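To start, the structure itself, in structure tokens.
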Amino acid sequence: MGKINNYSGDEGGEVALERNRWKHWKDPTSREFVEPEAELGRPRLPRMTIITVSDVDDRLIAQDLVVCHREEDGDQEHVTAIDESRLVYRAEGNANIVMAVQGGQYVLRLRKSDVTRTAGKDSQIDLVRFIKYTRVMASLFSEYFVPELKLGRVETYDLDAFNKNLMKFRPVTRLDKEIRVRDGILYPDVAFLPAKLSPYSSGDQQKDIFESYSDYVQNARPLIFNTYCVEIKPKQGWSFLDGNHAEEEPFPNCDSLALPELGGTSGGKCRFCLFQYLKLQRNTIDNISKYCPLDLFSGKPLRMLRAIKGLIGAPQNNFKLTKNGHIVYDETQEKGMFNRVLKEIFQRDHKNKERRKTIFMNLIKETLLKDYSTNEANSDRTLLTIRKDRKKKDKNLIHDRTCSPINYQLLPKNCALKQIQDVQLLVKSNLTMVQPDKLRKHEYVDELYEKFLEYREDCINDRRRLTHFVEQYLCPEERYQLGATALDCSIMITFRRLADREEESLPAVAQRHIVSIEGMKFLTNVTITDLDPKTLQHVQRKYLGQLRESAVAYREFLSKMKR
1 MGKINNYSGD EGGEVALERN RWKHWKDPTS REFVEPEAEL GRPRLPRMTI ITVSDVDDRL
61 IAQDLVVCHR EEDGDQEHVT AIDESRLVYR AEGNANIVMA VQGGQYVLRL RKSDVTRTAG
121 KDSQIDLVRF IKYTRVMASL FSEYFVPELK LGRVETYDLD AFNKNLMKFR PVTRLDKEIR
181 VRDGILYPDV AFLPAKLSPY SSGDQQKDIF ESYSDYVQNA RPLIFNTYCV EIKPKQGWSF
241 LDGNHAEEEP FPNCDSLALP ELGGTSGGKC RFCLFQYLKL QRNTIDNISK YCPLDLFSGK
301 PLRMLRAIKG LIGAPQNNFK LTKNGHIVYD ETQEKGMFNR VLKEIFQRDH KNKERRKTIF
361 MNLIKETLLK DYSTNEANSD RTLLTIRKDR KKKDKNLIHD RTCSPINYQL LPKNCALKQI
421 QDVQLLVKSN LTMVQPDKLR KHEYVDELYE KFLEYREDCI NDRRRLTHFV EQYLCPEERY
481 QLGATALDCS IMITFRRLAD REEESLPAVA QRHIVSIEGM KFLTNVTITD LDPKTLQHVQ
541 RKYLGQLRES AVAYREFLSK MKR
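In my numbering, the protein residues as written are 1 to 563.
Laid out in structure tokens, this is it:
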């Protein structure tokens, strides 16, 4: 029985490098497996050495990763088998546990089930459908925002023992669910930058870099090798009161839905901000977050900074910061930990705490607004600041604060936020037409995927034509499902600070990924994850029902506060 770790160390043995080639992409259930070409038995590399693999997937394989492939019985899809001893607990949400593959930049996402529930026979079919659905979702975004995924399997002989070992790393509030199925989804680990951005493509280059930075030998790892990743769950980036023009009706044909925002019973608050009061009532949070998604999606720099500051101040389940794949700040950490991490990132700049925080927030803002499809000049961005909260005076203002409507035209066309917002708006435009009973429980994903393949055969696959796919090929229920997925997606912002002359060694593609602030340069990447299909009851139970309950909870909170 292997041991489950919560830390991925540097000790390792041999390096196994595999190159996989798959055929028949359009049907995930009929891929032809080609035996991987492996290079085994390489001597152990120095502690800081990274091998850059030039291949279809541009994978970074670091020390001691052994991943093997095996053929499943019958016509099941081939899976990547991973020994349980290689798995490192990373994080979890309501539906999934994420585990890193120790020593290599991959993560395995495993579906959770209630502890009383046994594994279903259709788990493999569900995963194949998940891959189909994710491919449709991925087509709605630029290709560099969504990584390719494949099936993975935990090699364990005792799931009960596996779960028991895992419990010690999991939050107590999440223990009502556990892993009942060994199959999962294998992703590139976006806690690290992709190999294609790495400067270390040859031994000579690496030697030159180390020689160039001899002045920083004592701090070589923090300076060059520490990679940070910010995970944000942005939530709904629009409101029912938004309108791009004064004469535009913000949300037509909605009388039958009795929406709190439109009925004047929400206090001018958006869906996320209203839901805070329901969560407070249910004791799932201790304080109301100052984060408002409309600020983040507004495209206005100062509002965006206010949103990012709100996320940092009350992370809840919407903000995490990792260093080299390990969580260093989230809702379980004290606030001082965040400041210590910032001091490490900016250790040679001698800036005060507030200045470091301001630079960090501006870095996140610029990365979210960045167009990674162009080679625009890496000009130094203007550093914007927002006022410090006056705690006593502002204590209760948050409850009376309204969420200002936004203009959808202000976000840059090709940035991650704009593309997420465009897909989210499928909920708004189809909400009044959705009839959940029209879709079959599981088969709707198969039907959606068939429509997607038909579309691909009819026209060239690019984002300009995908509007045609959504409008002409899909029914309102399918469009709503895609939008609902985008409402709950995550954004992973990965970055590493560059040393003084390191930019010169980067490949051409990496030049698009550089953000410059206050004379500092950061190599960045953005990934959109958590593109799960939602239940067919989402519109009635999760969306409309939750919205109405939240409005009631808000009114009850105000009533108690005024007593």
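We put the beta carbon where it would ideally sit given N, CA and C, even for glycine. Here the structure is a predicted model, which means the values were calculated and not measured.
Query	Result
Tell me where the beta strand (DSSP E) around T80 begins and ends.	79-83
Can you find a C-beta in chain B that's less than 8 Å from the C-beta of L531?	Any reference to chain B falls outside this structure, which holds one protein chain only.
Just tell me which of E178, L453, L431, F469 has its CA closest to the CA of Q481.	L431
Please determine, among Y455, Q276, Y89, the residue with the shortest C-alpha to C-alpha distance to L547.	Q276
I'd like to check one pair, S239 with C415: are the Cβ atoms closer than 8 Å?	no
If you follow the alpha helix (DSSP H) that G336 is in, where does it begin and where does it stop?	335-345
Apply the 10 Å Cβ neighbour rule to D488 and answer buried if 16 or more other Cβ atoms are within range, or exposed otherwise.	buried
Taking the C-alpha atoms as reference points, what is the distance between R303 and I359?	16 Å
Following the continuous beta strand (DSSP E) through V427, name the residue where it begins and the one where it ends.	Taken as a continuous stretch (DSSP letters only), V427 belongs to no beta strand (DSSP E), being part of the alpha helix (DSSP H) at 416-430.
Identify the residues that DSSP records as bridge partners of E231: which are they?	K320, M492
Got a sec? Which residues, its chain only, sit under 8 Å from R197 by beta carbon, not counting five neighbours each side?	Reading off the sequence, residue 197 comes out as Leu, not Arg. Hits under 8 Å: L506, P507, V509, A510, H513, L523, N525.
Below 8 Å on the Cβ atoms is my guess for R86 versus Q105; work out the distance and round it to an integer in Å.	13 Å between Cβ atoms; not a contact.
Between the alpha carbons of R271 and P315, how many angstroms are there, rounded?	18 Å
By the three-class DSSP mapping on this structure, what secondary structure does R501 have?	coil
With V79 and R153 assumed to form a contact (beta carbons below 8 Å), what rounded beta-carbon distance in angstroms separates them?	4 Å
In terms of residue numbering, what span does the alpha helix (DSSP H) encompassing A486 cover?	476-487
To which residues does DSSP link P188 through a beta bridge?	Y106
For C292, tell me which candidate among L280, N318, T284, D286 has the shortest Cα-Cα distance.	N318
Select from N352, P171, T527, R401 the residue whose C-alpha is nearest the C-alpha of Q333.	P171
Whole angstroms is fine: what's the gap from P564's alpha carbon to I285's?	This structure gives no information on residue 564, because the portion of the chain shown stretches from 1 to 563.
If I follow the unbroken beta strand (DSSP E) through M561, where does it start and stop?	Note, M561: premise wrong, no beta strand (DSSP E); alpha helix (DSSP H) at 546-561.
Please determine, among L259, Q424, V515, Y455, the residue with the shortest C-alpha to C-alpha distance to N375.	V515
Please name the residue, chosen from D183, D530, S298, P436, that lies closest to Q409 on a Cα-to-Cα basis.	S298
Name the one or two DSSP bridge partners that K370 has.	Partner(s): none; K370 has no beta bridge.
With a Cβ-Cβ cutoff of 8 Å, do Q424 and Q236 count as a contact?	yes
In this structure, how does DSSP classify V566 when only helix, strand and coil are distinguished?	Given that the chain is displayed from residue 1 to residue 563, the structure contains no residue 566 and the question cannot be resolved.
Pop quiz: K370 and N226 are said to be a contact at Cβ under 8 Å. What is the actual Cβ separation, rounded to whole angstroms?	No, K370 and N226 are not in contact; Cβ-Cβ is about 21 Å, not under 8 Å.
May I ask you to report which of helix, strand or coil DSSP gives L60?	Because L60 sits at a pLDDT of 29, beneath the cut-off of 50, its placement in the model cannot be relied upon, and the following sentence gives the value as read from the coordinates. DSSP places L60 in strand when its eight states are reduced to three.
State the start and end residues of the unbroken alpha helix (DSSP H) segment that holds A510.	Segment: none, A510 is in no alpha helix (DSSP H) and carries neither H nor E.
Where does Q183 fall in DSSP's three states?	A small correction: the amino acid at residue 183 is Asp; Gln does not occupy that position in the sequence shown. Strand at D183.
Please determine, among K177, I82, F141, A100, the residue with the shortest C-alpha to C-alpha distance to E113.	One detail in the question is off: residue 113 reads as Ser in this sequence, not Glu. Comparing Cα positions, the closest option is K177.
Going by the DSSP bridge assignment, what does R111 pair with across the sheet?	N96
Which whole-angstrom value describes the C-beta separation of I179 and I97, a residue pair presumed to lie in contact below a C-beta threshold of 8 Å?	6 Å
Where does G152 sit, in a helix, a strand or coil, going by DSSP?	strand
Measure the alpha-carbon distance for K290 versus I398 and round it to whole angstroms.	7 Å
Measuring CB to CB, does T134 end up less than 8 Å from E84?	no
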